[in-house]
Amino acid sequence: MKKVLLIATGGTIASGYTKEGLVPKIAAEDLLQYVRDYTAFCRVDILQPFCLDSTNIYAEHWLKLTQLIEENYELYDGFVICHGTDTMAFTAAALSYLVQNSQKPIVITGSQKPINLPVTDARTNLLDSLRFASDERAHGVNIVFGGNAIAGTRAKKERSKSYNAFSSINYPNVAALCDGRTVFYIDDKDKVTGRVTFYHELNEKVLLLKLMPGMDGTVLNRLFPHYDAVVIEAFGVGGLPEYGEVSFYAEIRRWTDAGKIVMMATQVTHEGSDMEVYRVGRVIKENFHLMEAYDMTLEATVTKVMWALGQTKEQEQFRRLFYKTVNHDLLLAVL
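Taking the working numbering, the leading residue of the sequence shown gets 168, the next gets one more, and so forth.
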């Protein structure tokens with residue numbers, strides 16, 4: 168019988184209706200009353216560090232979750248975090264960097280409808296998560312949702328209401344869960360060696376900037392005093408526009424000369440960036456030694472920059488940390 172720690176943080180799964188809309192209010196103990204079948208394969212203890220709509224979750228909460236997992240790591244076989252869906256992919260990616268090399272599963276789940284409704288995905292998702300967290304083959308950080316287990320760095324919410332809200336981007340699902348069975352597509356626990364590593368620092372001064380036609384480089388000038396890094400969501404495979412004399416080039420130089428991180432990514436969900444293809448990407452990458460996210464999700468890119476900057480601001484060390492693959496996050500980098 169496996170021992171699992173359930174960490175409840177709020178979210179839709181624990182929400183109830185008010186005149187102002189859904190609000191997290193169902194106690195963690197009550198969540199388990201809807202999935203009593205878990206008693207056949209695991210014992211569950213409960214912690215509830217906060218009860219929030221996931222819109223309100225950010226780095227402070229990721230570090231708190233890491234602390235709770237670290238404090239209880241030797242006491243449990245697996246961990247399940249109940250979480251709202253809106254920022255779930257960010258939390259899963261952040262925890263992938265904050266808790267590395269874990270041979271124990273850390274599962275994040277939630278739902279599109281509250282658990283106490285007659286028709287809901289919450290009961291299936293929670294029971295599947297407890298089952299996955301009790302499986303000998305499971306390890307590391309994964310989202311379990313809609314019958315799939317997705318690597319924590321590869322998940323993205325692509326639907327706002329449907330039960331199959333999350334997809335695995337540029338990487339296969341880790342496993343499928345159906346009718347009490349778990350089928351692993353990626354069974355690689357034997358590759359995890361050594362001790363788990365916990366990290367306790369994130370640099371929150373990271374901005375995600377989405378390009379739009381007509382935007383000019385002066386926006387970076389206004390952001391410069393407030394951030395240590397910017398992740399730029401470029402068009403297509405990556406590049407920066409040139410609008411006559413109003414160019415990104417001067418501002419990019421200012422950022423890089425100051426030792427700040429400029430990371431290029433793409434707005435396109437699938438297949439990743441490749442700045443070498445077009446002049447608008449190749450020239451600026453060569454001139455300014457910019458970094459790019461390749462096939463990483465934006466959620467993983469942002470949180471990995473936060474994590475790497477939390478460990479070092481030295482450029483080459485940052486580059487080495489960022490381009491080391493963690494939890495399947497990066498496959499296509501050309502270094």
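Think of the CB as a built atom: it goes at the ideal place given N, C-alpha and C, for glycine as much as any other residue.
Here the structure is a predicted model, which is why all the values come from computation and not from measurement.
Report task. Report the partner residues of residue 184 according to the DSSP bridge assignment. Result -> 189
**Report entry** 7 Å Cβ cutoff met for residue 430 and residue 398
**Finding:** yes
**Report entry** Given residue 230 as reference, the closest of 205, 290, 261 once Cα atoms are compared
**Finding:** 261
Report task. Locate the beta strand (DSSP E) running through residue 400, then write down its first and last residues. Result -> Counting along the chain, the beta strand (DSSP E) containing residue 400 begins and ends at 396-401.
Report task. Return the CA-CA distance between residue 404 and residue 378, expressed in angstroms with no decimal places. Result -> 13 Å
Requested in this report: To the nearest angstrom, report how far apart residue 472 and residue 176 are at their CA atoms.
Outcome: 24 Å
Requested in this report: Under 8 Å Cβ to Cβ from residue 395, same chain only, skipping five residues before and after it: list those, please.
Outcome: 370, 372, 373, 427, 428, 476, 480
Query - CA-to-CA distance, residue 240 to residue 458, given in whole angstroms - result: 35 Å
Query - Contact set for residue 331: own chain, Cβ-Cβ below 6 Å, skip 5 residues either direction - result: 313
**Report entry** Residue range of the beta strand (DSSP E) that includes residue 309
**Finding:** 307-312
Query raised in the report: In whole angstroms, what separates the C-alpha of residue 494 from that of residue 191?
Result: Roughly 30 Å between the two C-alpha positions.
Report task. Within its chain, find whatever has a CB closer than 8 Å to the CB of residue 325; leave out the 5 residues flanking it on each side and keep chain order. Result -> 332, 333, 334, 436
Query raised in the report: Tell me which same chain residues have a C-beta within less than 7 Å of the C-beta of residue 350, skipping the five on either side of it?
Result: 342, 343
Report task. Enumerate in chain order the residues of its own chain whose CB-to-CB distance from residue 366 is below 6 Å, with the five nearest sequence positions on each side excluded. Result -> 265
Query raised in the report: Mind checking residue 228: buried by the 16 CB within 10 Å criterion, or exposed?
Result: buried
Query raised in the report: Roughly how many angstroms separate the alpha carbons of residue 270 and residue 360, rounded to a whole number?
Result: Those two C-alpha atoms are separated by around 8 Å.
Requested in this report: Give a yes or no on contact between the region 195-211 and the region 168-175, applying the rule of three or more CB pairs nearer than 8 Å.
Outcome: yes
Requested in this report: Compare the Cα-Cα distances from residue 311 to each of 281, 478, 295, 348 and report the closest residue.
Outcome: 295
Report task. Run the CB neighbour count on residue 498, radius 10 Å, all protein chains shown included, and call it buried at 16 or more, exposed below. Result -> exposed
Query - Burial state of residue 425 (16 or more Cβ within 10 Å) - result: exposed
Query raised in the report: Considering only residues of the same chain and omitting the five flanking positions on each side of residue 287, which have a CB-CB separation below 7 Å?
Result: Correct list, in chain order: 278, 280, 281.
Query raised in the report: Can you tell me whether residue 505 is buried or exposed, with buried defined as 16 or more other CB within 10 angstroms of its CB?
Result: In this structure the chain extends from 168 to 502, so residue 505 is not present and cannot be described.
Query raised in the report: So, are the CB atoms of residue 316 and residue 466 less than 7 Å apart?
Result: no
Query raised in the report: Does the beta-carbon distance from residue 275 to residue 250 come in below 7 Å?
Result: yes
Report task. Go to residue 293, then tell me how far its alpha helix (DSSP H) extends in each direction, as first and last residue. Result -> 289-300
Requested in this report: Please go through the region 226-294 and give each complete beta strand (DSSP E) segment of 3 or more residues, from N-terminal end onward.
Outcome: 245-249, 272-276
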